[in-house]
Amino acid sequence: MKDFGREILAWYEIHGRDLPWRKTTDPYKIWLSEIILQQTRIKQGLSYYHNFTEKYPDVSSLARAPEEEVLKCWQGLGYYTRARNLHHTARIIANDQQYTFPDNYKDLLNLKGIGEYTAAAIASIAFDEPRAVVDGNVIRVLSRIFGIKKSFDKPEGKKIFISKANDLISKKEPGKFNQAIMDFGSIYCVPANPDCNHCIFKNDCYAFRNDQVDKLPVRSPKIKIRKRYFHYLVFNWNDPEQKTLLKKRNERDIWMNLYDFPLIETENTMKWKDLITHPEFKKLTKGLIFNLRQSSPLYKHQLTHQQIHARFFMLDITALPNRKNYHKTKKSDISKYPVSRMIEKFLQDYP
DNA sequence: AAAACGGGGGA
DNA sequence: TCCCCAGTTTT
């Protein structure tokens, strides 16, 4: 290959996407876009980017916002740690550094939520630092064209990919180069059935020449999925005058800092008859007179590493208990709280 | 070094 | 269904 950088940049000039964060050099907006796009498709993240930039046009406005409001804006995007870190980091930048934004790879790397990829992306795009990004797209493009068979998950493979990308990067237009190779990977060198016969690299591509396109990149063995069984207690759902109880999820677990209902988690699904004998259930309903009005079908919610089986039990009770860490809430106010997609689905099904 | 962390969409 | 997505943090 003569000059990979020149070729990919030429391709990018013609085929590169027109995206809102490419019209700005504001590091805050570049940062925001990169966080939103972590493990997230552009199509899915686009509306969130617009909402955020409108509501929080700069670091200080984001820093001033309450965390709960930021989480609410993030609702539905997943990986909620991203939102908490984004907000946390905005406060650090706004407070400690007199509103200046870290302007190089090393300093960016120190911030919460910014790892190797994002630091390289911001440094190259906003500050022209020649620092190659390596994401899923880059891994695919490099492994195929240059025949890299090491898995990126292993330290050895990771070093190879990062070093190769840094060898190739344009020193003159590092940001453009990075976006070019990612665009090429996501538009052209796609995971399944890429159109290799018309590819600009067909004569040089190792995978194409050796019929290895569907073998590269090498995938790591897939993880096993934990099954969990949630039983939610939804108090006074059918009585508009009465409030219900919400709980903020605090433990180190999925959906941290989002809200859901009082929850009994077990190793298996439990019928109502058995659930009422569960110690957690007794604790939650201690001193209450309750009546099961309705129970939902089983909700199956698939996460990357977990499969949640959830059932909602709608209970009538005479008086709402005072429980530590539980919030009394009017039904109509629940929409103000950030919730997981699963809870959102339940709220739609049982308005 | 490995596990945890969401949700959507394409094939 | 399976795979992948502009990855990072915690254990």
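Heads up: the first sequence begins at 267 in my numbering, then just goes up one per residue. Ideal Cβ placement from N, Cα and C applies to all residues, glycine included.
{"query": "Outcome for G553 when other beta-carbon atoms lying within 10 angstroms are tallied against a minimum of 16", "result": "exposed"}
{"query": "Those runs of the alpha helix (DSSP H) which lie wholly inside the region 328 to 386 and span at least 4 residues", "result": "333 to 340, 347 to 362 and 371 to 375"}
{"query": "Three-way DSSP call (helix, strand, coil) for Y454 in this model", "result": "coil"}
{"query": "Collapsed DSSP secondary structure at S313 in the structure displayed", "result": "helix"}
{"query": "Contact under 9 Å by Cβ, M636 with Q560", "result": "One cannot answer for residue 636 here, as it falls past the ends of the chain, which runs 267 to 617."}
{"query": "Check whether E273 and I466 have beta carbons under 9 Å apart", "result": "yes"}
{"query": "Cα-Cα separation between R350 and Q341, rounded to whole angstroms", "result": "12 Å"}
{"query": "Range covered by the alpha helix (DSSP H) that runs through A473", "result": "Y472 to R475"}
{"query": "Nearest to R444 (by Cα), restricted to the options I411, E395, Q614 and I380", "result": "As written in the sequence, residue 444 is Asn, which differs from the Arg given in the question. Measuring from the Cα of N444, the nearest candidate turns out to be E395."}
{"query": "Inter-residue Cα distance where the pair is P563 and R577", "result": "6 Å"}
{"query": "Nearest-angstrom Cβ-Cβ length linking I555 and T584, presumed shorter than 8 Å", "result": "5 Å"}
{"query": "Rounded C-alpha distance that separates Q568 from I574", "result": "6 Å"}
{"query": "Same chain, Cβ closer than 8 Å to G381, five either side skipped, listed in chain order", "result": "L375"}
{"query": "Buried versus exposed, by CB contacts within 10 Å (16 or more), P617", "result": "exposed"}
{"query": "Identified DSSP bridge partners for S242", "result": "Nothing can be reported for residue 242: it is not among the residues displayed for the chain, which extend from 267 to 617."}
{"query": "The region 300 to 310 touching the region 363 to 373, judged by at least three CB pairs closer than 8 Å", "result": "no"}
{"query": "Segment contact, 8 Å Cβ cut-off, at least three pairs: the region 386 to 403 with the region 430 to 444", "result": "yes"}
{"query": "4-residue-minimum alpha helix (DSSP H) runs that sit fully inside the region 396 to 461, ordered along the chain", "result": "402 to 412, 421 to 434 and 440 to 453"}
{"query": "Proximity to N557 [Cα-Cα], best of N504, I520 and N317", "result": "N504"}
{"query": "For T595, the three-state DSSP class (helix, strand or coil)", "result": "strand"}
{"query": "Residue from R485, I411 and P421 whose Cα sits closest to the Cα of C462", "result": "I411"}
{"query": "Alpha carbon of K295 to alpha carbon of K597, nearest angstrom", "result": "36 Å"}
{"query": "Residues that Q478 bridges to, as DSSP identifies them", "result": "Per DSSP, none; premise fails for Q478."}
{"query": "Backbone CA spacing between H281 and Y472 [nearest angstrom]", "result": "23 Å"}
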